[in-house]
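Here's the structure, in structure tokens; my notes come after.
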Amino acid sequence: MTSRISLKAAAKINLYLEITGSRVDGYHDLVMILQSIDLCDRVDIRKIGADEIQVLCTNPEVPCDRTNLAYKAAALMQDIYPEIGGMEIVIDKQIPMGAGLAGGSANAAAVFVGIDRLWDLGLTQSQLCDFAAQLGSDIPFCVFGGTALATGRGEVLSPLPDLTDLVLVICKPRQIEIATAWAYQTFRKQGLLATSQVKNQNLSSQIVAAIASGGDSAPNKIGRLLYNDLERVVLPEYPAIADLKNKLLDQECLGAMMSGSGSTVFAIAPDLDRAQQIAEAVRTDEIDVWVVKSLVRSIFDA
Ligand code: ATP
């Protein structure tokens, strides 16, 4: 019987993030379009004799205790399936933290999928989605990946047609990490919901249509429709992120936007050559830059 599994866990970007309401449970109602990208952590899970969960991570800044989302996913599965024994989870961290790229959520998703496969649980997609949603709003998407419309607090997913070969330049200011909770709380405190910039514009339907249209012109159409409500709180507070976005827009890109609650800003490029040129134009000692393509799934064999 297999005793270990090695998985890649992909980061995501938000092509679209609209806050449409606040909820009594403290979360917000959202309309998001999420896209998996080829910037991945590697998650190795190994069965161990003892009943415990051990987490190790190559990035010393990531907590390896019970607060780690991979640990929480494993603990949740042990609660539900007591026959599951102990495991060691080793995370090779490539996805930056506090970046709006859902690195922690991707790790948790890999643990759900890995446990299902290692212990042969035969979970359905809907069971995996339910477990994932208990831990975090982005985790269901991280289990399935590809391109999806996410509503509710982000956990209600509708798959969209695959975006293959979307070329992206991903830029993360090294010194800036943003707590997602801070961004949403600030949005609420500043009453920005009442002054929505996109209400009644049907912008999300337009970008869904652009994705569905496929073909060579899709990246161009998508680039013009990118939107993120959280830019309204993050960019005024962090001028370096606003500068980075403007620098990307000054290049010949098809559109640029902050991902999630930041601090990552991404640009859509017309092709790989142009993406490399954009990357060179914005890369500094302060800004980490990756040229990546879109992925059609998020958890796969390493
Ligand atoms: P999101 O887009 O979902 O807001 P993010 O990219 O902004 O995610 P993460 O990298 O997921 O942020 O991590 C945010 C915080 O979660 C970190 O400060 C870290 O302390 C904690 N954390 C818990 N588990 C993990 C993990 N496995 N990997 C990274 N961070 C983790």
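Just so you know, we're using the working numbering here: the sequence shown kicks off at 1 and counts up by one.
Cβ atoms here follow ideal geometry from the backbone N, Cα and C, with glycine treated the same way.
The model shown is predicted, which means the values in this text are computed figures rather than measured ones.
- By the Cβ-count criterion, Q125 is exposed, with fewer than 16 other Cβ atoms from all chains shown falling within 10 Å of its own Cβ.
- For the beta strand (DSSP E) assignment, the uninterrupted runs of no fewer than 3 residues enclosed by the stretch 214-269 are, from N- to C-terminal side, 255-258, 265-269.
- About 6 Å separates the beta carbons of A281 and Q251, which is inside the 8 Å limit, making them a contact pair.
- Check the Cα spacing between S36 and each of E61, Y81, G100, D65: the tightest is with G100.
- Assignment of alpha helix (DSSP H) within the stretch 132-161, counting only whole runs of 4 or more residues, yields 139-144 in chain order.
- Taking A148 as the centre and dropping the five residues before and after it, the same chain places the C-beta of L34, F141, L157, S158, P159, L160 closer than 7 Å to its C-beta, in chain order.
- In the displayed model, N107 falls within a helix according to three-state DSSP.
- Buried is the label assigned to D229, since at least 16 other Cβ atoms lie within 10 Å of its Cβ.
- Per DSSP, the beta-bridge partners of Q54 are E88.
- E155 sits buried, since 16 or more C-beta atoms from the chains shown fall within 10 Å of its C-beta.
- Looking at the DSSP output, C171 bridges to V265, V289.
- Judged by DSSP secondary structure, M77 falls within the alpha helix (DSSP H) whose first and last residues are 69-80.
- Two segments are said to touch when three or more pairs of C-beta atoms, one from each, lie closer than 8 Å; by this definition the stretch 47-58 does not touch the stretch 280-300.
- According to DSSP, T284 shares a beta bridge with I287.
- The stretch 165-173 makes contact with the stretch 264-279, as at least three CB pairs between them are under 8 Å.
- For K189, the secondary structure class from DSSP, reduced to helix, strand or coil, is helix.
- The criterion of a C-beta distance shorter than 7 Å is not satisfied by A108 and A150.
- Counting along the chain, the unbroken beta strand (DSSP E) around G21 starts and ends at 4-22.
- The ligand ATP approaches S105 closely enough that one of its heavy atoms is under 6 Å from the residue's Cβ.
- Beta bridge pairing from DSSP links S204 with no other residue.
- Here the C-alpha atom of L235 lies approximately 15 Å from the C-alpha atom of L249.
- With fewer than 16 other Cβ atoms inside 10 Å of its own Cβ, Y81 counts as exposed.
- In this model, I299 and S259 are separated by some 20 Å (Cα to Cα).
- In this structure, F144 is the residue among F144, G223, S137, D120 with its C-alpha nearest to the C-alpha of A110.
- Going by DSSP, I45 is part of the beta strand (DSSP E) stretching over 28-48.
- Here L244 is buried, its C-beta having at least 16 other C-beta atoms within 10 Å.
- Taking 7 Å as the cut-off, the beta carbon of G98 is found no closer than this to the beta carbon of E18.
- Following the DSSP letters along the chain, one finds D301 inside the beta strand (DSSP E) bounded by residues 299-301.
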